[in-house]
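Whatever position you read off the sequence shown (first residue = 1), add 73 for my numbering.
Don't be surprised by glycine CBs; every beta carbon is placed ideally from N, CA and C.
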Amino acid sequence: MRGADYIVRTRSFGRLSAEIARLSGGAVGLAGPRGAGKSSLLDQYRAGRIAEAGTAGRQLVVTESVPVRYEPREYVLYLYGRLCQEVVAFIPPPSLSRGRSHRTRFGVSATVAITAGAAWLAVVLLGAAKLPGSISRIPVVIVFDELDKMSDPERVQDFLNTVKSLFSLEIAGCLFLVSVSEDALARFERRGLPIRDAMDSTFDAVVPVEYLNLDDATALISDRVAGLPDPFIALLHSLGGGLPRELLRYTRSLVRHRDEKHLGAIARSLVGEDLRMKARGLGAVIARRGLAEPYASDLMKFVNDNTEPDPVVLLKAVAAPPLPAEQADDLADALHLQMETLGYLYFCATVLEAFTGVRKNDYTDRRGSFDTLASARQLFAVNARLAWLTVNSFRRQWSLPEVAPPG
Numbered sequence: 074m075r076g077a078d079y080i081v082r083t084r085s086f087g088r089l090s091a092e093i094a095r096l097s098g099g100a101v102g103l104a105g106p107r108g109a110g111k112s113s114l115l116d117q118y119r120a121g122r123i124a125e126a127g128t129a130g131r132q133l134v135v136t137e138s139v140p141v142r143y144e145p146r147e148y149v150l151y152l153y154g155r156l157c158q159e160v161v162a163f164i165p166p167p168s169l170s171r172g173r174s175h176r177t178r179f180g181v182s183a184t185v186a187i188t189a190g191a192a193w194l195a196v197v198l199l200g201a202a203k204l205p206g207s208i209s210r211i212p213v214v215i216v217f218d219e220l221d222k223m224s225d226p227e228r229v230q231d232f233l234n235t236v237k238s239l240f241s242l243e244i245a246g247c248l249f250l251v252s253v254s255e256d257a258l259a260r261f262e263r264r265g266l267p268i269r270d271a272m273d274s275t276f277d278a279v280v281p282v283e284y285l286n287l288d289d290a291t292a293l294i295s296d297r298v299a300g301l302p303d304p305f306i307a308l309l310h311s312l313g314g315g316l317p318r319e320l321l322r323y324t325r326s327l328v329r330h331r332d333e334k335h336l337g338a339i340a341r342s343l344v345g346e347d348l349r350m351k352a353r354g355l356g357a358v359i360a361r362r363g364l365a366e367p368y369a370s371d372l373m374k375f376v377n378d379n380t381e382p383d384p385v386v387l388l389k390a391v392a393a394p395p396l397p398a399e400q401a402d403d404l405a406d407a408l409h410l411q412m413e414t415l416g417y418l419y420f421c422a423t424v425l426e427a428f429t430g431v432r433k434n435d436y437t438d439r440r441g442s443f444d445t446l447a448s449a450r451q452l453f454a455v456n457a458r459l460a461w462l463t464v465n466s467f468r469r470q471w472s473l474p475e476v477a478p479p480g
C-alpha cells in the first residue's frame, strides 16, 4: 500500500524537503500519530521522491526499525556493520580489465574507507582512477523508524541519548531521520519524562506529520477506488479520523460491502462493525485497568447492549450512563472510561445521522464540516470531553440537537 502510484503529496512532503534542503547534515525528527504515514514518508525519501530530484542512487541510505532492547555499544557497532554492508552494495563492481590496470598502479581498483569517529560514521569513496588522496564523499542517511515501539520511557531516554552522541560531529552529508509518535511523546510527558526536551536538544528540526484533511483523503481514495462519490469519501474520512492507515482500512471494508449501493446502508454496516469491534476491545481494556466491581461488569454490559447501528438507540444510551456520577476513589478510572465510551457512542450516532437520508447537496454545502467530525475521532485518544464538544460543533453545523457531556 506504499507504492509510488498511491502516494499523496501532503503538506508534510514539502516541510520535510525544505528542512533537508536547509541542512547540510544533522538530524531531523518526524513526529506524528501512529498511522499518519511517517513510514511511507521515509520510504519516499529513500526512493528519492522528497529531496531534490535525482538523489536516488546518489546517496547511501540505511533504514532501521528502533530495537525494543539494545545495548548502546553493541547497537552502534551493529549500525557500523550495516553501513559497511550498504557501502559494499552501493558501489558497482569494477570491470575486470580496468581492475587489473588499476591494481597494477595503486594495488586496488577502488577502496571504500569507512572511518568510525567517536561520534559518527563517515563514508568516503577513494576513486582508483584518481590520484591517491582524492576523495569523493557519499551522502549518508540513517533512518530510525518506529521509536514508539519502546514502551519503557527510560529506554526511550537512553536511546535518544545514544543517538545524540552520534550527532555531535557536524559532518556535511551525514543525516539522521528519526520517526516518532506524538501519542508516545504525550504518554511519556504525562509520566514525568522530559522527552520533548530531549527531542529539542537532539534534532536540528522536527517535522510534524499531520492528519489528512478531506482533500487529502479524496486524493488518496480516488487513486484506489475509481468513481466513488464524494459523500462516500466523506464518510470514510470521518470514520478514519484523518489517519491514512485507518482511512484505507475503512476503504477496504467499504469494498467488501460493495453490494450495498446506498450511503445509509454503507454507513450502518461500517459503524456496526466498529461498534462490535469496540465492544470486544473494551473487555481487554477493563481487564488491563483492573476496574472495581460492580462498575466493570456494568460498563461492559452497557457496551454489549448498545452495538446496534441505530442513532435513536445510541443517543438513548448516551443519555442514560450506567455508572453514577459520584466522586469516589474506586470509581474515578471507571468514570473516565465511561466518558470515552459514551463519547464514542455519541460520535457513532452523529455519523449515522449525517450520512443517512441526507441530500447530496448537503455534503457540498457543508463539506468543511467533515474535517471537524474527523478531528473529533482523533481527540478521543487525547481528551474525551474535548472530543465530545467537537462532535457538538459538527452537530451545530448540521442543525442537529446537541447533548451535553456528563459531569
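Neighbour-count burial assignment, residue i, 16 or more Cβ in a 10 Å radius
i	result
Gln117	buried
Val455	exposed
Lys111	buried
Tyr153	exposed
Pro367	exposed
Gly87	exposed
Ala369	buried
Thr437	exposed
Asp218	buried
Gln158	exposed
Glu144	exposed
Asp332	exposed
Ser97	exposed
Glu399	exposed
Asp378	exposed
Leu248	buried
Pro474	exposed
Asp435	exposed
Val464	buried
Gly356	exposed
Per DSSP, the bridge partner or partners of residue i
i	result
Asp218	Ser138
Gly105	Ser254
Gly99	Leu248
Val213	Leu133 and Cys247
Val280	Leu103
Rounded separation between residue i and residue j - CA only
i	j	result
Arg119	Val134	7 angstroms
Ser466	Glu426	14 angstroms
Glu413	Asp383	19 angstroms
Arg469	Thr235	50 angstroms
Pro487	Pro478	Past the boundaries of the shown model lies residue 487; the chain is included only from 74 to 480, so the question cannot be answered.
Val216	Gly315	25 angstroms
Ser342	His330	8 angstroms
Leu114	Asp288	18 angstroms
Leu452	Ile93	31 angstroms
Val213	Arg440	44 angstroms
Gly300	Thr83	22 angstroms
Arg458	Arg142	36 angstroms
Asp406	Leu364	7 angstroms
Val328	Ile339	10 angstroms
Glu291	Asp303	Here residue 291 is Thr; the residue named in the question, Glu, does not match the sequence. C-alpha separation (whole angstroms): 8 angstroms.
Leu336	Val298	16 angstroms
Ile359	Arg122	45 angstroms
Asn286	Leu321	14 angstroms
Trp461	Ala91	37 angstroms
Ala447	Arg362	28 angstroms
Gly430	Ser326	21 angstroms
Pro394	Leu408	10 angstroms
Nearest-angstrom beta carbon gap, residue j and residue i [assumed within contact, 8 angstroms]
i	j	result
Pro106	Ser254	6 angstroms
Phe375	Ala100	Wrong, their Cβ atoms sit about 48 angstroms apart, outside the cutoff.
Thr324	Arg349	Not a contact, Cβ separation roughly 19 angstroms.
Val476	Val344	Not a contact, Cβ separation roughly 17 angstroms.
Ser85	Val280	6 angstroms
Val282	Ala449	Actually they do not touch by this definition, with Cβ atoms about 20 angstroms apart.
Can you give, in chain order, each stretch of the beta strand (DSSP E) that sits fully within the segment 306-387 and has at least 3 residues? Taking only runs of at least 3 residues, no beta strand (DSSP E) segment lies wholly in the segment 306-387.
As an exercise, report each continuous beta strand (DSSP E) stretch of at least 3 residues that is fully enclosed by the segment 426-454, in chain order. none
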